[in-house]
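Novice: Let me give you the structure first, and then I'll get to my questions.
Protein chains: 4
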Amino acid sequence: MCRWLAYSGSPVLLERALYAPAHSLIDQSLHSTLGAEPTNGDGFGVGWYDDTPRPGVFRSIEPAWNDQNLRELAAHVTSGHFFAHIRAAIGSAVQQTNCHPFRHGRWLFMHNGFLADLTRVKRDLVLAVDESLYPEIAGQADTELLFYLALTFGLEDDPAEAVAQAIGLVEAVGQRKGVKYPFQGTIATTDGERMWVFRYSSERRSRSLFFTGHVPTLRELYPDREVLFEVSDDARLVVSEPIGDLPGAWNEVPESSYGVVGRGEDRLSPFVAKPPATSVPITA
Amino acid sequence: MCRWLAYSGSPVLLERALYAPAHSLIDQSLHSTLGAEPTNGDGFGVGWYDDTPRPGVFRSIEPAWNDQNLRELAAHVTSGHFFAHIRAAIGSAVQQTNCHPFRHGRWLFMHNGFLADLTRVKRDLVLAVDESLYPEIAGQADTELLFYLALTFGLEDDPAEAVAQAIGLVEAVGQRKGVKYPFQGTIATTDGERMWVFRYSSERRSRSLFFTGHVPTLRELYPDREVLFEVSDDARLVVSEPIGDLPGAWNEVPESSYGVVGRGEDRLSPFVAKPPATSVPITA
Amino acid sequence: MCRWLAYSGSPVLLERALYAPAHSLIDQSLHSTLGAEPTNGDGFGVGWYDDTPRPGVFRSIEPAWNDQNLRELAAHVTSGHFFAHIRAAIGSAVQQTNCHPFRHGRWLFMHNGFLADLTRVKRDLVLAVDESLYPEIAGQADTELLFYLALTFGLEDDPAEAVAQAIGLVEAVGQRKGVKYPFQGTIATTDGERMWVFRYSSERRSRSLFFTGHVPTLRELYPDREVLFEVSDDARLVVSEPIGDLPGAWNEVPESSYGVVGRGEDRLSPFVAKPPATSVPITA
Amino acid sequence: MCRWLAYSGSPVLLERALYAPAHSLIDQSLHSTLGAEPTNGDGFGVGWYDDTPRPGVFRSIEPAWNDQNLRELAAHVTSGHFFAHIRAAIGSAVQQTNCHPFRHGRWLFMHNGFLADLTRVKRDLVLAVDESLYPEIAGQADTELLFYLALTFGLEDDPAEAVAQAIGLVEAVGQRKGVKYPFQGTIATTDGERMWVFRYSSERRSRSLFFTGHVPTLRELYPDREVLFEVSDDARLVVSEPIGDLPGAWNEVPESSYGVVGRGEDRLSPFVAKPPATSVPITA
Chain A
1 MCRWLAYSGS
11 PVLLERALYA
21 PAHSLIDQSL
31 HSTLGAEPTN
41 GDGFGVGWYD
51 DTPRPGVFRS
61 IEPAWNDQNL
71 RELAAHVTSG
81 HFFAHIRAAI
91 GSAVQQTNCH
101 PFRHGRWLFM
111 HNGFLADLTR
121 VKRDLVLAVD
131 ESLYPEIAGQ
141 ADTELLFYLA
151 LTFGLEDDPA
161 EAVAQAIGLV
171 EAVGQRKGVK
181 YPFQGTIATT
191 DGERMWVFRY
201 SSERRSRSLF
211 FTGHVPTLRE
221 LYPDREVLFE
231 VSDDARLVVS
241 EPIGDLPGAW
251 NEVPESSYGV
261 VGRGEDRLSP
271 FVAKPPATSV
281 PITA
Chain B
1 MCRWLAYSGS
11 PVLLERALYA
21 PAHSLIDQSL
31 HSTLGAEPTN
41 GDGFGVGWYD
51 DTPRPGVFRS
61 IEPAWNDQNL
71 RELAAHVTSG
81 HFFAHIRAAI
91 GSAVQQTNCH
101 PFRHGRWLFM
111 HNGFLADLTR
121 VKRDLVLAVD
131 ESLYPEIAGQ
141 ADTELLFYLA
151 LTFGLEDDPA
161 EAVAQAIGLV
171 EAVGQRKGVK
181 YPFQGTIATT
191 DGERMWVFRY
201 SSERRSRSLF
211 FTGHVPTLRE
221 LYPDREVLFE
231 VSDDARLVVS
241 EPIGDLPGAW
251 NEVPESSYGV
261 VGRGEDRLSP
271 FVAKPPATSV
281 PITA
Chain C
1 MCRWLAYSGS
11 PVLLERALYA
21 PAHSLIDQSL
31 HSTLGAEPTN
41 GDGFGVGWYD
51 DTPRPGVFRS
61 IEPAWNDQNL
71 RELAAHVTSG
81 HFFAHIRAAI
91 GSAVQQTNCH
101 PFRHGRWLFM
111 HNGFLADLTR
121 VKRDLVLAVD
131 ESLYPEIAGQ
141 ADTELLFYLA
151 LTFGLEDDPA
161 EAVAQAIGLV
171 EAVGQRKGVK
181 YPFQGTIATT
191 DGERMWVFRY
201 SSERRSRSLF
211 FTGHVPTLRE
221 LYPDREVLFE
231 VSDDARLVVS
241 EPIGDLPGAW
251 NEVPESSYGV
261 VGRGEDRLSP
271 FVAKPPATSV
281 PITA
Chain D
1 MCRWLAYSGS
11 PVLLERALYA
21 PAHSLIDQSL
31 HSTLGAEPTN
41 GDGFGVGWYD
51 DTPRPGVFRS
61 IEPAWNDQNL
71 RELAAHVTSG
81 HFFAHIRAAI
91 GSAVQQTNCH
101 PFRHGRWLFM
111 HNGFLADLTR
121 VKRDLVLAVD
131 ESLYPEIAGQ
141 ADTELLFYLA
151 LTFGLEDDPA
161 EAVAQAIGLV
171 EAVGQRKGVK
181 YPFQGTIATT
191 DGERMWVFRY
201 SSERRSRSLF
211 FTGHVPTLRE
221 LYPDREVLFE
231 VSDDARLVVS
241 EPIGDLPGAW
251 NEVPESSYGV
261 VGRGEDRLSP
271 FVAKPPATSV
281 PITA
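Chains as they are written, first to last, in the numbering used here: chain A, 1 to 284; chain B, 1 to 284; chain C, 1 to 284; chain D, 1 to 284.
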């Protein structure tokens, strides 16, 4: 169980999104209300885009609520495109290399959920990672493995298709190993221009996911909220659990669907996991 | 807000007290039920006595629930006298030097509560610490300061009297500075042979404190509980919040009282804070 | 023993100054050559100015050479005015609140050296800190105390005078307590527009301090060095130990002197510690 | 580059071996003299045996020289069989799961050296790890992988043979991938009763390794050294680099050899890496 937040829009100080709102993501690290676990204190990570070629990533094993360096960073870094993640570890160690978001080139990836029965499926999934990508895997988190599977299946060319194949492989291997519901979770990935968000689980009872409504409409609803006039018309937040205190601001991403946000694009589509196109060896 | 546990009795592996019971102290680091805050994730500490002259102290800024080294230590260290503390920081930094228990010579000291409005009273209280003890203060926690005040007032000779004077000074300085309820909390201190536990607050609405009943009586109540037959007749646990699942096992320490446990002694007495005997300069 | 670096000039990515040069500050964390100790692995800190009202400060207890977050920060933060410090602890704990630079409002302060026999002089020096500033002291480092003394003596109005008085008090108290050479070190402080750097010790054998020559002159000497053409004419680095591989680039700050850099100002003056103007109580 | 120490003999406080001697292992964390790198500040680990079924392991990412908890542990834990390791990371992250010693059941394993060109050989080596052991791999260190290969080849039954096969496989895969000298290092492994130490490299220029002479003989040489009279006749230290100040105390383990110590056994034999008996798939 984790919580995450993704922002795309006109540049803002990170703290505007991470600390300022009521029931902020940082508050949720101590007191989540929608999560399976109320505390997400096993580390955190932030990834942000600026003018440099690669996004910055700041990850720590301290609980987010008392990390002074995160507070400093958030008060000084401005970005128009960023991810933040707070972690509740399930099994894997609390170490920076297991903290989200994960990065490859210009891409970031984060996840709230899990690969069920990881020890039974891990080896076969690791074998399916492209050999040239394999040495980059630095931690032991299920999400990092899922990211490298998606990269193997072409994340950088067609993110929705690649994630569908990666989860499809997880389900195929899981079923062969007798895992009832192999995948659970919401995912966000981005290249710094557009972001793709997914809500899916093998069980069709997926973790919650919400996105903010159209900013001009929100301004009409809440004409006295300054923040709505500071951000651009196309600004979007996508979150595991609503933040702030504007009841009409949030829409739920439907079960088994994915969305694309950014560069004018802005749509929701059904999501279907599919077995990977390339044949992947699975041990008996 | 914090949670603590103190054990005195026949030697046991620390994990028997820290991890094994239902709703154990380590569980409480993530989900306390009686505390003002459900999460006590801002570090922890353990202090234990063995054959060496000085108690061992292991303190960490990680949440106790995911500290692998604490788990190892608890599985390998045996002691007949130990303290454990999990911290929810109020204001002061999350750093080892602010973690309880604090140590001076053979003495340990820990606290669940606070000195109200610390910034207004701190300087006067620091001035009251004996000059020879002053350089030992390593952190910025209110509890460490309280410990050095108690040492100044003779903790090593008469712990109950010294704590009464230390809290009395906190109240005297607080009142002069306009602090309504200067002290809140439960305290435990020990020299490795006896332990003194206190429950008191200026407001007379003190944090909870419990101690286990007489072991032979508990054995009659729960004849199938092995742990009760492993420990000595005189074993005692004192805790902020009951652990385990033996409803009749716990007695509450009454408001405004203190207890002494160990070396055959075993009594509860009323606690009254008193102005320190020696005159202490207080700035206007 | 520590090492530090201060930059003032046109905005650059921090990594240009911290990581890129030969024998960079980060290299010096592992292999210093001029320092009393070759390893400065007891934490580090960076402070930088941007458009926000208060400088950012990032401090960590990990050795700088392997801190991944410092590497990320340095690759993404651009500043025209920043401090960096790597620490070799002498006695005080390795904790963030003991890491330099220290901050108060818009001011930063860092130090390579020590207050000799700190335990003998500390209490009297703490007493001399202005009562309104006292509660801000968060750690136990001698340098943080020196900073608050300098603030007490007017650092924000006249930095050179305030530092002279702070060191003067350290010497006065030290002498009364029988400390032979009470102060040692180099100091840098800044308000984000100008910086003041000091080289002084009671013994007159002060830690080394160097500053870069005039950029236009350096360009003539090294016409093929791109970095010299990227920075502004008035750019200056001040360091404990030269970095890079341009032999003619560095001038030594003379013994017992201080310099001012920035806003057109650019001068070196003799430094004399002086007893504080206000009377300060010193215990016998 | 790392440094390690292994002790077998009558029970002693860990601090007797780790901190007390001149040029102790903890001193070497800051100033090694024989190592390829003078600083071993990228974490450390200690593993020790007592009456419980599994050895204790304490690992930290802080430099050993300033870890207060290591100092406490070493002052309170007594053992007749323990390993200690200080790390200088080469490439892999500084995280607890990469710190030595590694543990499986009652076995510990540590290493000073490396698998050359790890990214080229890692995937094939991971594939050779027994499927039932694979899920236990928690970090990304080359040594952890080597340990699981040795376990796959029967470490628990015949340690010398299993290590020979594990290194043999590393060499076989390395040669197929064009790695000139695939293995370098000294290794220690133990089940808590005997320990096996190895000195070997593909290049035949192996890292140094030393063991203490016969205790009764050392007592004759140094009749005034108390420590020699406190330990049992059969006590042995094996180290990367001699500690203490007894020049005649140390013998070098010869190039390409291994030793067995404990339970009356005490012998040195030649070491030859050998291709694994079972066929292992290697990708082209």
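All residues carry an ideal CB built from backbone N, CA and C; glycine is no exception.
Give a yes or no on whether the C-beta atoms belonging to F153 of chain A and A162 of chain A are separated by under 9 Å.
Specialist: One-based indexing of the first sequence puts residue 153 of chain A at position 153. One-based indexing of the first sequence puts residue 162 of chain A at position 162. In this structure, A162 of chain A lies closer than 9 Å to F153 of chain A by Cβ.
Novice: What is the DSSP secondary structure of I61 of chain D, reduced to helix, strand or coil?
Specialist: Along the fourth sequence, read from residue 1 onward, the residue named residue 61 of chain D stands at position 61. Coil, per DSSP.
Novice: As a quick exercise: from C:G47, C:G91, C:L209 and C:D51, pick the residue whose alpha carbon is nearest that of L73 of chain C.
Specialist: Taking the first residue of the third sequence as 1, we reach residue 73 of chain C at position 73. If we check each option's Cα against that of L73 of chain C, C:G47 comes out closest.
Novice: Using a Cβ cut-off of 7 Å, pull out every chain C residue sitting near T52 of chain A, in sequence order please.
Specialist: For the purposes of this step, residue 52 of chain A is taken as the residue at position 52 of the first sequence. Residues of chain C passing the Cβ test: A75 and H76.
Novice: Label T39 of chain B either buried or exposed according to how many other C-beta atoms from any shown protein chain fall within 10 Å of its C-beta, with 16 as the threshold for buried.
Specialist: For this step, residue 39 of chain B is matched to residue 39 along the second sequence. It is buried - the Cβ of T39 of chain B has at least 16 other Cβ atoms within 10 Å.
Novice: Using a Cβ distance threshold of 8 Å, determine whether the stretch 106–121 of chain B contacts the stretch 215–222 of chain B, with at least three qualifying pairs required.
Specialist: The answer is no - the stretch 215–222 of chain B does not touch the stretch 106–121 of chain B, with fewer than three Cβ pairs under 8 Å.
Novice: To the nearest angstrom, how far is it from the Cα of W65 of chain D to the Cα of Q165 of chain B?
Specialist: Residue mapping note: residue 65 of chain D aligns to position 65 of the fourth sequence, counting from 1. Residue mapping note: residue 165 of chain B aligns to position 165 of the second sequence, counting from 1. Whole-angstrom Cα-Cα distance: 39 Å.
Novice: Nearest by alpha-carbon distance to W4 of chain B: which of B:H100, B:S60, B:V77 and B:A89 is it?
Specialist: Taking the first residue of the second sequence as 1, we reach residue 4 of chain B at position 4. Checking every option, the nearest Cα to that of W4 of chain B belongs to B:H100.
Novice: Determine the DSSP secondary structure at Q28 of chain D, reduced to helix, strand or coil.
Specialist: Along the fourth sequence, read from residue 1 onward, the residue named residue 28 of chain D stands at position 28. Q28 of chain D: helix per DSSP, three-state reduction.
Novice: Would P270 of chain A be called buried (16 or more neighbouring beta carbons within 10 Å of its own) or exposed?
Specialist: Counting from 1 along the first sequence, the entry for residue 270 of chain A is found at position 270. Exposed, by the Cβ-count rule.
Novice: Determine, for Q33 of chain A, whether the minimum Cβ-Cβ distance to residues of chain D falls below 9 Å.
Specialist: Here residue 33 of chain A is taken as the residue at index 33 of the first sequence, counted from 1. Per the sequence presented here, residue 33 of chain A reads as Thr, with Gln not at that position. No, T33 of chain A lies away from the interface with chain D (no Cβ there is under 9 Å from its Cβ).
Novice: Would you call E171 of chain C buried or exposed, if buried means 16 or more other Cβ atoms sit within 10 Å of its Cβ?
Specialist: Sequence index remark: in the third sequence, residue 171 of chain C carries index 171 (1-based). With 16 or more other Cβ atoms within 10 Å, it is buried.
Novice: Could you list which residues in chain A have their beta carbon closer than 9 Å to that of Q96 of chain C, in chain order?
Specialist: Within the third sequence, the letter at position 96 stands for residue 96 of chain C. The contacting residues are Q68 and N69.
Novice: Under 9 Å between the Cβ atoms of G262 of chain C and T212 of chain C?
Specialist: On the third sequence, position 262 is the one that residue 262 of chain C refers to. On the third sequence, position 212 is the one that residue 212 of chain C refers to. Not in contact: G262 of chain C and T212 of chain C (Cβ atoms no closer than 9 Å).
Novice: Just to make sure I have the definition right: I need the residues of chain C whose C-beta is within less than 9 Å of the C-beta of P135 of chain B. Which are they?
Specialist: Along the second sequence, read from residue 1 onward, the residue named residue 135 of chain B stands at position 135. Near P135 of chain B (Cβ distances below 9 Å), the residues of chain C are L118, T119, R120, K122 and R123.
Novice: In chain B, which residues lie with their C-beta within 9 Å of the C-beta of A93 of chain C?
Specialist: Numbered from 1 along the third sequence, position 93 holds the residue referred to as residue 93 of chain C. Within 9 Å Cβ-Cβ: Q95, Q96, T97, A138 and G139.
Novice: Against A212 of chain A, what residues of chain B qualify as contacts under a CB-to-CB distance less than 8 Å, listed in chain order?
Specialist: If you number the first sequence from 1, residue 212 of chain A lands on position 212. Reading the sequence as shown, one finds Thr at residue 212 of chain A and not Ala. Within chain B, no residue comes near T212 of chain A; the closest Cβ sits about 28 Å away, beyond 8 Å.
Novice: Look at the alpha carbon of T78 of chain C and the alpha carbon of D27 of chain C, and state the distance between them as a whole number of angstroms.
Specialist: Counting from one through the third sequence, the residue named residue 78 of chain C turns up at place 78. Counting from one through the third sequence, the residue named residue 27 of chain C turns up at place 27. In a straight line, the C-alpha of T78 of chain C is about 21 Å away from that of D27 of chain C.
Novice: Against chain B, does L115 of chain C count as a neighbour if the rule is that its beta carbon must be under 9 Å from one of theirs?
Specialist: On the third sequence, residue 115 of chain C is found 115 positions in, with the first residue counted as 1. L115 of chain C does not count as touching chain B.
Novice: Mark S132 of chain D as exposed unless 16 or more other C-beta atoms lie within 10 angstroms of its C-beta, in which case mark it buried.
Specialist: For the purposes of this step, residue 132 of chain D is taken as residue 132 along the fourth sequence, with counting starting at 1. Flag for S132 of chain D reads exposed.
Novice: Does the beta carbon of W65 of chain A sit closer than 9 Å to a beta carbon anywhere in chain C?
Specialist: To locate residue 65 of chain A, count along the first sequence from 1; it is residue 65. It does not; no Cβ of chain C falls within 9 Å.
Novice: Could you list which residues in chain B have their beta carbon closer than 8 Å to that of E230 of chain D, in chain order?
Specialist: Within the fourth sequence, residue 230 of chain D is the residue found at index 230, counting from 1. Within 8 Å Cβ-Cβ: nothing; E230 of chain D doesn't reach chain B, min ~15 Å.
Novice: Just the Cα atoms here: how many angstroms apart are A128 of chain A and G174 of chain D?
Specialist: Along the first sequence, read from residue 1 onward, the residue named residue 128 of chain A stands at position 128. Along the fourth sequence, read from residue 1 onward, the residue named residue 174 of chain D stands at position 174. For A128 of chain A and G174 of chain D, the distance between alpha carbons rounds to 22 Å.
Novice: Check whether the Cβ atoms of L30 of chain A and P53 of chain A lie closer than 9 Å to each other.
Specialist: In the first sequence, the residue the question calls residue 30 of chain A occupies position 30. In the first sequence, the residue the question calls residue 53 of chain A occupies position 53. No, the Cβ-Cβ distance between L30 of chain A and P53 of chain A is not below 9 Å.
Novice: How long is the line joining the alpha carbons of R207 of chain A and K180 of chain A, rounded to whole angstroms?
Specialist: Indexing the first sequence from 1 puts residue 207 of chain A at position 207. Indexing the first sequence from 1 puts residue 180 of chain A at position 180. In a straight line, the C-alpha of R207 of chain A is about 17 Å away from that of K180 of chain A.
Novice: Using a Cβ cut-off of 9 Å, pull out every chain D residue sitting near E72 of chain B, in sequence order please.
Specialist: Residue numbering aside, residue 72 of chain B sits at position 72 when the second sequence is read from its first letter. Going along chain D in sequence order, the residues near E72 of chain B (Cβ under 9 Å) are G56, V57, F58 and R59.
Novice: Any idea if T97 of chain B is buried or exposed, counting beta-carbon neighbours within 10 angstroms, 16 or more meaning buried?
Specialist: Taking the first residue of the second sequence as position 1, residue 97 of chain B is located at position 97. Burial call: buried.
Novice: Check whether the Cβ of L14 of chain D lies closer than 9 Å to any Cβ atom in chain B.
Specialist: Translated into positions along the fourth sequence, residue 14 of chain D becomes position 14. By this cut-off, L14 of chain D is not an interface position.
Novice: Is Y7 of chain D near F58 of chain D, with beta carbons less than 9 Å apart?
Specialist: Counting from one through the fourth sequence, the residue named residue 7 of chain D turns up at place 7. Counting from one through the fourth sequence, the residue named residue 58 of chain D turns up at place 58. Against a cut-off of 9 Å, the Cβ pair of F58 of chain D and Y7 of chain D comes out as no contact.
Novice: Could you tell me the distance, in whole angstroms, from the CA atom of T119 of chain B to the CA atom of A138 of chain C?
Specialist: Sequence index remark: in the second sequence, residue 119 of chain B carries index 119 (1-based). Sequence index remark: in the third sequence, residue 138 of chain C carries index 138 (1-based). When rounded, the distance between both Cα atoms is 11 Å.
Novice: Assuming S257 of chain C and L268 of chain C are in contact, meaning their beta carbons sit under 8 Å apart, how far apart are those beta carbons, in whole angstroms?
Specialist: For this step, residue 257 of chain C is matched to residue 257 along the third sequence. For this step, residue 268 of chain C is matched to residue 268 along the third sequence. Sure, about 6 Å apart at Cβ, within 8 Å.
Novice: Assuming the contact rule is C-beta atoms closer than 8 Å, E255 of chain C and R204 of chain C should be a hit. Round their C-beta distance to whole Å, please.
Specialist: As a first step, residue 255 of chain C is located in the third sequence; it is residue number 255 there, counting from the start. As a first step, residue 204 of chain C is located in the third sequence; it is residue number 204 there, counting from the start. The Cβ separation is near 6 Å, so the contact holds.
Novice: Please state the DSSP three-state secondary structure of F271 of chain D.
Specialist: In the fourth sequence, residue 271 of chain D corresponds to position 271, counting from 1. Three-state result, F271 of chain D: coil.
Novice: Return no unless some Cβ of chain D is closer than 9 Å to the Cβ of D27 of chain C.
Specialist: To locate residue 27 of chain C, count along the third sequence from 1; it is residue 27. Not closer than 9 Å to any Cβ of chain D, the Cβ of D27 of chain C fails to qualify, so no.
Novice: Skipping 5 residues on each side, what residues in its chain have a beta carbon closer than 7 Å to that of E193 of chain D?
Specialist: Taking the fourth sequence and counting its residues from 1, one reaches residue 193 of chain D at position 193. Counting only Cβ-Cβ distances below 7 Å, and skipping sequence neighbours, we find G262 and R263.
Novice: Where does the unbroken beta strand (DSSP E) through T292 of chain B begin, and where does it stop?
Specialist: Since the displayed chain B opens at 1 and closes at 284, residue 292 of chain B lies outside it and no answer follows.
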